[in-house]
Structure formats: C-alpha cells, structure tokens
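Peer 1:
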Amino acid sequence: MIEVNERIEVASTPQAVWAILSDPSAVVDCVEGAVLGDKQEDGSFNAKMTVKFGPAKVSFAANVLVAYDEPNKSGSVTARGKDGISGTKFTTAMQFKVEGQDAPPQSAIPIKAECEISGRLAHLIESGANMVIKRMTVGFAERLAEKCGGTKSA
Amino acid sequence: MKVYERLSQAFKAEGTTNVFGMMGDGNMYWQYANNKNGIIMHEVRHEGVGMGMADGWARATRNPGVCTATCGPGTTQLATAFVTAARASSPLVAFCGEYPVSDDEYTQALDQSAFAHGCEAAFVRMGTAEDADEAVRKAFYIARTQSRPVLLSVPMDLQQKEWDDDEPYKPSTSIIPKRVVTPNASAIEQAADMLSKAKRPVIVVGRGAMWSGAGDEVRALAARTGALIATTLQAKNWLVDDEYHIGISGTYATKTAIGLLSDSDVVVAVGASLNRYTTHEGLLYPEAQFIHIDPKAHVMLSRGKGADHYVQSDGKAGVAALNAELTKRNFKQMGRRTGEVKEKLANAWEDRADYKIEEGTLDPRPLCLALDDLVPTDINLFVGSGHTAGFTNILFRKSRPIVMPGHFFGCIGQMMPAAVGAVIGSGMKPAILMDGDASTMMHIGDFDTMVRYNVPLLIYCMNNQCLGAEYYKLEAHNMKVDTSCIPTADLGAVARAFGGRGALCRTVDEVKKATAEWLAKPGPMIIDVRVSRSVVTLPYRRVHYGEDV
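Chains as they are written, first to last, in our numbering: chain A, 2 to 155; chain B, 23 to 571.
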C-alpha cells in the first residue's frame with residue numbers, strides 16, 4: 002500500500018477553490034496522463050490513465066467515482082483500473098478538503114491518498130512505483146494549485 | 023565386464039568426452055572406467071559447480087554436458103545448478119550414484135526422483151543391471167530432444183553387477199531423426215502480408231535464431247523491410263555489426279531502444295521466447311502485432327498470450343522463406359533504417375548521470391567501456407547476474423564468438439562455473455567473466471579447479487563489498503543498508519594463494535595494466551576491481567527509483 006499525505010496552499014478563496022474541485026473533469030485534469038471518459042449510471046466516470054514507470058508506459062482503463070460533501074467542502078475520489086497489456090491493476094482512494102485560512106494564502110487543501118498496485122508488474126517495479134505515485138501526487142497538487150490560481154506551498 | 027564399465031562405454035558412445043563433478047563411492051567406479059575409456063574428468067570442489075560447468079559446456083557446444091555426483095548428499099548439492107540448467111534449457115546428463123537397492127536404511131539414502139522433480143529436471147533410474155543401456159540412452163534422448171537436464175540415478179550395488187551382453191550400444195542419436203522444421207507456405211504468405219503492411223517493424227532474435235545460423239537471413243530481412251534488429255538477453259551482441267541494431271529488448275534496453283521498441287507496429291520474433299523480461303510484461307510493445315517464428319509446435323508469449331501469427335519453423339529456414347516471399351513480391355522499404363534513427367542510436371549507450379565516487383573505488387561504467395574496447399574481440403565474454411549485470415549487459419557491446427549472459431533462475435554465483443565449462447567446451451579459448459563480489463565469493467573454492475586445469479579465464483570481480491541488489495532495494499526503501507554490506511579480502515591475493523594470478527585494482531589504469539598482463543599469457547586470474555556503490559545501474563534506477571532513464 003502506497004500512502005500519500007500532501008497539503009496544498011493556494012492564494013484563492015475557499016469558494017473559488019471549491020468551484021474548481023467540484024467539477025470532476027477539472028479534478029481528473031489535474032492528474033497527469035488522465036483523461037475523463039463517459040459518465041456511468043452510478044455517477045462514476047470511465048477514464049484512461051497513462052503512467053510512466055521508468056521509460057515504459059502503462060495505460061490503465063479506469064473507473065473513477067468522485068463524491069462531494071458540499072457543506073463541509075470536502076470530497077473523495079475512488080478509482081480502480083487495469084492495464085490490458087501487463088494485467089496490472091490499481092485501486093486508489095483519496096480524500097480532500099478545502100479549508101479557509103485567516104492568514105494568506107487563503108485556502109489549504111489537505112490530501113490523503115492510498116494506492117495499491119497489484120499484478121506481476123507490481124513486484125517487478127518494486128519501490129519505483131512508490132516513487133512514481135508520490136511524484137504523481139505532487140504533480141497533482143501543483144496542477145491543482147495552478148488551476149486555482151495559486152501555488153503549492155512547500 | 024561390470025555394469026559400471028558398460029555405463030562408461032555407453033556415455034562414450036553418446037559422445038561424452040568431458041565430465042565435470044566430484045568423486046564419491048556412488049560414482050567412483052564409473053569414473054575409474056571413464057578414465058580407462060579416455061573420458062576427461064574435471065574434478066571440482068563442489069558438485070554444484072561441476073553441474074554448472076556441464077551447463078556452460080552444453081550452452082557453448084549445444085551438445086549434452088555431463089556431470090557427476092555421488093548418492094544422497096552429493097546429489098543434493100546439485101540443486102541450484104539443476105534449476106539453473108533447466109531454466110537455461112541446457113541439455114545435461116548428471117550421472118548420480120544412488121543408495122544400494124538392498125539397503126533402504128543406507129545413511130546417504132535419498133528419494134532422488136522427488137529431488138529431480140523439485141529441481142525441474144527429468145529423472146531416469148536404472149532399475150535393474152540389465153537396463154544399463156536403456157537408461158543411458160533414455161537420459162541422453164531426453165536431454166537432446168527436450169533440451170533439459172536429466173538426473174540419471176544409478177544404484178551403487180547394481181553398478182557392480184556383471185554385464186555379459188556383447189551387443190553394441192546404440193546411442194540416442196541413432197533413434198532421433200535429423201530434420202529441419204520447414205515452414206508452411208501459407209503461413210509464410212500470411213507473415214509476408216503482415217510484414218509488408220508494417221511501417222515500423224523490428225526483428226527480435228533469440229538463441230534459437232543464433233543456433234539455427236539465421237544471421238545473414240535476418241540481416242537481409244531487416245534491410246528489405248526497414249526493420250530494426252534487437253536481441254533477447256541470451257543472444258546479446260549477436261548481429262551487432264548491423265548499423266540499426268538497437269541492443270537488447272527488455273530489462274537491459276537503453277532508453278532510446280525502449281522508445282523505438284514501444285513505437286513498433288510489427289515484431290518479428292525469431293527463435294526468441296518473448297518472455298516477460300524480453301517484452302517487459304508486454305509493455306515494450308503496446309501497439310505491435312507479433313509474427314513468431316520458432317521450431318516448436320507453439321510458444322506462449324508473456325502474459326499467457328499467443329502471437330498474432332505463428333510460423334512453426336527453424337529460424338533460418340523460416341526467415342529465408344519470408345525473404346524469398348517478399349522478394350517475389352518485389353517488396354522493399356526503408357522503414358526505420360533512416361538517418362534520424364541512426365542519429366538516435368549514436369548516443370544511445372551514454373549514461374552521463376553524475377555520481378560522487380568514493381575514494382579508492384572507480385565508476386563501473388567507464389570500466390566496462392574500457393574493457394570492451396581493450397579486450398580483443400576473439401576473447402569470449404561471460405556475464406554474471408546481480409547488480410553488476412546492469413552495467414555489463416548494457417555496456418559491453420562488441421561481437422565475440424561467445425557472449426554468454428547468465429540470469430537463469432535469478433541466482434548469483436552460477437556464471438563462474440558455466441564460464442569454466444564453456445571455456446573447456448570451446449577448446450580452452452581465453453575468456454573473461456564480469457561478475458560481482460558475492461558471486462565470485464560463492465564458488466571461489468573452485469578457482470582451485472581453474473588453476474589445476476589451467477583454465478584461461480580472467481574473472482573481473484566488480485567488488486562493491488555488498489550484496490548489490492539488496493543494497494539498492496534497502497536504500498530505495500530508506501532502510502539501513504549496513505546489513506547488505508559484506509567486506510571481502512583482497513581477491514587478487516586469494517587467487518595468487520590458489521596458485522593462479524591476481525590483482526587488486528582501484529583505477530581503470532590499474533585494471534588495464536593487469537589485463538595487459540593476462541592478455542600476454544591467458545590463464546586463471548582474478549582482478550578484484552573495487553567499484554563504487556554510488557553508481558546505480560539503469561535497470562535499478564527504473565525499478566527501484568522510478569526514474570525515466
């Protein structure tokens with residue numbers, strides 16, 4: 002299990018940040034290599050995600066469910082996917098929340114994520130996958146911060 | 023005549039000229055008879071090393087290697103070497119003594135059938151003295167036709183029985199038909215249809231292509247179809263003189279090669295199993311269609327898949343037929359054999375990542391490049407497994423009569439025995455072995471064997487004083503690496519103590535000097551090269567650190 006804890010601070014109001022995060026396509030757009038597909042009856046989305054493990058690319062066909070808690074300005078993203086070539090599977094669960102801050106920057110977004118990769122490739126790529134996922138999460142935070150018109154705090 | 027004498031005659035008739043192993047009371051009379059029959063015995067210090075040597079002999083000569091061990095504890099020493107030989111598809115016969123049939127409670131009693139099964143080897147037992155001929159013939163028949171190791175188990179007491187049959191021994195070769203598997207015409211037409219539509223083809227050649235002598239046909243097919251040429255690890259450096267040769271397909275591919283392979287639309291695999299490592303679980307060829315040429319009835323690819331088009335054929339015959347069909351169609355294209363690709367390949371081998379090198383050690387990358395350049399191309403190359411293989415399998419690029427990487431069964435320490443066997447099998451042609459310190463130490467007792475038989479093998483021990491694979495895995499997990507660090511003595515001095523030659527080197531210039539001395543008079547030698555732990559191989563940087571390199 003790969004665990005990620007990130008906190009992004011952006012110089013936009015919580016309302017402005019929430020406006021972006023409450024759009025699933027905007028959230029998925031922040032994940033490098035991910036493309037949102039059709040909405041399903043259960044409210045989930047099909048998606049495609051290409052991840053580079055070293056110089057090799059793994060293309061996952063995924064299902065993504067984004068759930069929102071409007072009053073608390075929080076949400077969760079659960080996704081699972083499979084790569085048709087290598088048979089690699091992943092499941093991930095991410096929680097995020099938009100918090101207002103008195104001092105600038107105006108908003109903070111704590112993100113917690115857990116990701117599990119299974120299949121033969123998982124053993125082959127070993128700790129490299131860990132680093133790739135963590136780098137992707139940092140990338141997600143940076144893109145989100147950029148979308149919100151701010152910058153990710155260190 | 024005793025049965026053990028008949029058994030020796032049978033081995034000789036099967037073409038056995040050299041046996042590797044260790045004497046015990048379960049095989050000593052057979053060895054005695056072998057000696058009288060002119061079969062050369064290479065007495066080793068560990069039975070597993072003997073089997074490793076027979077494995078190397080088999081890989082180099084493509085004839086069954088023969089090793090021997092006594093019953094029970096002698097036989098169990100063969101375990102790792104047996105599995106390694108099985109994974110290498112090496113034809114081998116291991117003559118193993120077995121406890122007397124009349125004594126179930128014999129101290130060295132062992133269920134050798136179960137042992138062979140666990141070691142992925144075939145098992146043949148001489149059940150009665152009268153079955154001596156049949157047992158030997160069957161063992162060699164399996165080794166030759168299935169290309170795998172066979173444990174021939176011969177009870178000690180049965181070896182002492184009288185043999186009174188004067189019928190000449192019929193070797194297994196007398197019942198194995200010699201024919202080349204030729205391709206079906208319509209299968210070739212379909213392959214030509216696919217290949218003539220390809221825009222970005224690549225030909226991946228393996229040991230099967232090499233052994234079938236398909237080199238010229240593969241070159242011609244690549245030139246006609248505009249294909250790049252890549253090899254499996256086991257066919258490393260074969261056809262490397264082709265200017266569009268991109269090296270190994272798989273774990274030891276360069277980043278440039280991975281980019282080109284990933285962009286391929288048709289893969290022609292010749293005598294290559296296309297296993298998970300060659301295809302990187304299939305990810306190296308996400309869009310490609312596969313044409314697979316192999317003499318077996320069928321070969322399952324990585325991930326339990328089959329090729330889009332399978333042509334059952336000997337490699338050379340299959341590629342020749344494909345060339346003929348494409349010639350008939352007047353098909354020829356430039357494909358990927360362009361100046362742009364050539365330019366990409368020109369710098370594909372450079373790894374310029376900067377590392378701080380610890381004092382008293384050297385960067386293994388320039389070491390490999392220097393040795394590939396310095397050691398003449400008529401000197402054979404053997405490559406061990408483990409961390410160091412990530413340097414050597416990529417950076418040694420010259421064509422040599424024998425280039426033999428290891429990696430079967432993922433074990434360390436097995437390449438020194440294989441190299442010795444292959445050197446003996448090749449008529450004592452000088453060779454070098456690139457290996458790590460843990461591998462070298464594992465069977466260093468048999469450097470004594472190298473000295474006794476004056477084997478012209480130079481072992482470069484790339485000594486970083488640790489278990490390389492584990493060191494980098496621990497480091498990537500932010501764990502203390504100390505438990506993987508094991509210092510060694512000066513292995514050059516150890517080699518000298520055994521009666522061979524040796525040197526301890528900490529600079530490339532020192533290595534060059536020691537190499538020049540060996541080249542002037544090849545013999546058994548170890549050069550203990552102290553290499554940096556800071557430098558991480560490309561494959562490890564990918565798998566352990568997730569780097570796009």
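Note that CB positions come from ideal geometry on N, CA and C, so glycine has one too.
Check whether the Cβ of B:A498 lies closer than 8 angstroms to any Cβ atom in chain A.
Peer 2: By this cut-off, B:A498 is an interface position.
Peer 1: What is the rounded straight-line gap between the Cα of B:A252 and the Cα of B:H267?
Peer 2: Answer to the nearest angstrom: the Cα atoms are 6 angstroms apart.
Peer 1: Taking the alpha-carbon positions, what's the A:M137 to A:E33 distance?
Peer 2: Their Cα atoms are separated by approximately 7 angstroms.
Peer 1: Under 8 angstroms between the Cβ atoms of A:Q96 and A:K113?
Peer 2: In this structure, A:K113 lies closer than 8 angstroms to A:Q96 by Cβ.
Peer 1: Can you tell which of B:I481, B:A91 and B:L417 has the C-alpha that lies nearest to the C-alpha of B:P544?
Peer 2: Nearest of B:I481, B:A91 and B:L417 to B:P544, Cα basis: B:I481.
Peer 1: Given B:I198, which residues of its chain have a CB within under 8 angstroms of its CB, disregarding the five upstream and five downstream residues?
Peer 2: Excluding residues within five positions, the ones whose Cβ falls inside 8 angstroms are Y163, R166 and T167.
Peer 1: Candidates B:G304, B:G447 and B:D470: which alpha carbon is nearest A:G88's?
Peer 2: Considering only alpha carbons, the answer is B:G304.
Peer 1: Could you list which residues in chain B have their beta carbon closer than 7 angstroms to that of A:I126, in chain order?
Peer 2: Ordered by position in chain B, the residues that pass the 7 angstroms Cβ test against A:I126 are V565.
Peer 1: Mind checking if B:R67 is an interface residue toward chain A, Cβ cutoff 8 angstroms exclusive?
Peer 2: For B:R67, the answer is no, since every Cβ of chain A falls outside 8 angstroms of its Cβ.
Peer 1: Can you name the residues of chain A whose CB is closer than 7 angstroms to the CB of B:K277?
Peer 2: Near B:K277 (Cβ distances below 7 angstroms), the residues of chain A are P56.
Peer 1: Please confirm if B:I280 has its CB atom under 8 angstroms from at least one CB of chain A.
Peer 2: At least one chain A Cβ lies under 8 angstroms of B:I280.
Peer 1: On the DSSP bridge assignment, give the partners of B:M426 in chain order.
Peer 2: Its beta-bridge partners are B:F404.
Peer 1: Label B:H320 either buried or exposed according to how many other C-beta atoms from any shown protein chain fall within 10 Å of its C-beta, with 16 as the threshold for buried.
Peer 2: Exposed, because fewer than 16 other Cβ atoms sit within 10 Å of the Cβ of B:H320.
Peer 1: Smallest Cα separation from A:F61: which of A:A68, A:T51 and A:Y69?
Peer 2: Among A:A68, A:T51 and A:Y69, the Cα nearest to that of A:F61 is on A:T51.
Peer 1: Tell me whether the beta-carbon of B:M216 lies closer than 8 angstroms to the beta-carbon of B:P177.
Peer 2: Not closer than 8 angstroms, so no.
Peer 1: At the 8 angstroms Cβ level, is A:M132 part of the contact set with chain B, yes or no?
Peer 2: So yes, A:M132 belongs to the interface.
Peer 1: From B:D125 to B:A131, what distance separates their C-alpha atoms?
Peer 2: Answer to the nearest angstrom: the Cα atoms are 9 angstroms apart.
Peer 1: Does the distance between the C-beta of B:H465 and the nearest non-hydrogen atom of the ligand FAD fall short of 7 angstroms?
Peer 2: The ligand FAD is not part of this structure, which contains no ligands at all.
Peer 1: Quick check: is the beta carbon of B:S295 nearer than 8 angstroms to any beta carbon in chain A?
Peer 2: For B:S295, the answer is no, since every Cβ of chain A falls outside 8 angstroms of its Cβ.
Peer 1: Decide if B:V202 is buried, meaning its Cβ has at least 16 other Cβ atoms within 10 Å, or exposed.
Peer 2: When all chains shown are included, B:V202 counts as exposed.
Peer 1: The beta strand (DSSP E) spanning B:I210 covers which residue range?
Peer 2: No beta strand (DSSP E) holds B:I210; the alpha helix (DSSP H) holding it covers A207 to K219.
Peer 1: Does the beta carbon of B:G568 sit closer than 8 angstroms to a beta carbon anywhere in chain A?
Peer 2: So, interface residue.
Peer 1: Which residues in chain B sit within 7 angstroms of A:S26, going by Cβ to Cβ distance?
Peer 2: Ordered by position in chain B, no residue passes the 7 angstroms Cβ test against A:S26, which lies about 26 angstroms from the chain.
Peer 1: Between B:T90, B:L560, B:V473 and B:S175, which has its C-alpha nearest B:V123's C-alpha?
Peer 2: The candidate whose alpha carbon is nearest that of B:V123 is B:S175.
Peer 1: Any idea which residues DSSP pairs B:I549 with across the strands?
Peer 2: B:I549 is bridged to B:Y482 and B:A525.
Peer 1: Tell me whether the beta-carbon of B:E211 lies closer than 8 angstroms to the beta-carbon of B:E69.
Peer 2: In this structure, B:E69 does not lie closer than 8 angstroms to B:E211 by Cβ.
Peer 1: If you run the structure through DSSP and keep just helix, strand and coil, what is B:H566?
Peer 2: Here B:H566 sits in helix by DSSP.
Peer 1: Enumerate in chain order the residues of its own chain whose CB-to-CB distance from B:P509 is below 7 angstroms, with the five nearest sequence positions on each side excluded.
Peer 2: Once the five neighbours on either side are set aside, the close Cβ partners of B:P509 are Q487.
Peer 1: Counting pairs of Cβ atoms below 8 angstroms between the stretch 421-432 of chain B and the stretch 259-273 of chain B, do you hit three or more?
Peer 2: The stretch 421-432 of chain B, when compared against the stretch 259-273 of chain B, does touch it at the 8 angstroms Cβ threshold.
Peer 1: What first and last residue would you give for the alpha helix (DSSP H) that runs through B:Y299?
Peer 2: Per DSSP, B:Y299 belongs to the alpha helix (DSSP H) from R298 to T301.
Peer 1: Which word fits B:R351, buried or exposed, when buried means at least 16 other C-beta atoms lie within 10 angstroms of its C-beta?
Peer 2: Under this definition B:R351 is an exposed residue.
Peer 1: Name, going along the chain, the residues of the stretch 526-545 of chain B whose beta-carbon falls closer than 8 angstroms to a beta-carbon of chain A.
Peer 2: Listed in sequence order: no entries.
Peer 1: List the residues of chain A that B:P86 touches, going by C-beta distances under 7 angstroms, in chain order.
Peer 2: None at all; the shortest Cβ gap to chain A is about 33 angstroms.
Peer 1: Any idea if A:H124 is buried or exposed, counting beta-carbon neighbours within 10 angstroms, 16 or more meaning buried?
Peer 2: So A:H124 counts as exposed.
Peer 1: If you run the structure through DSSP and keep just helix, strand and coil, what is B:M50?
Peer 2: Helix, per DSSP.
Peer 1: Where does the unbroken alpha helix (DSSP H) through B:L243 begin, and where does it stop?
Peer 2: Its alpha helix (DSSP H) spans residues G237 to T247.
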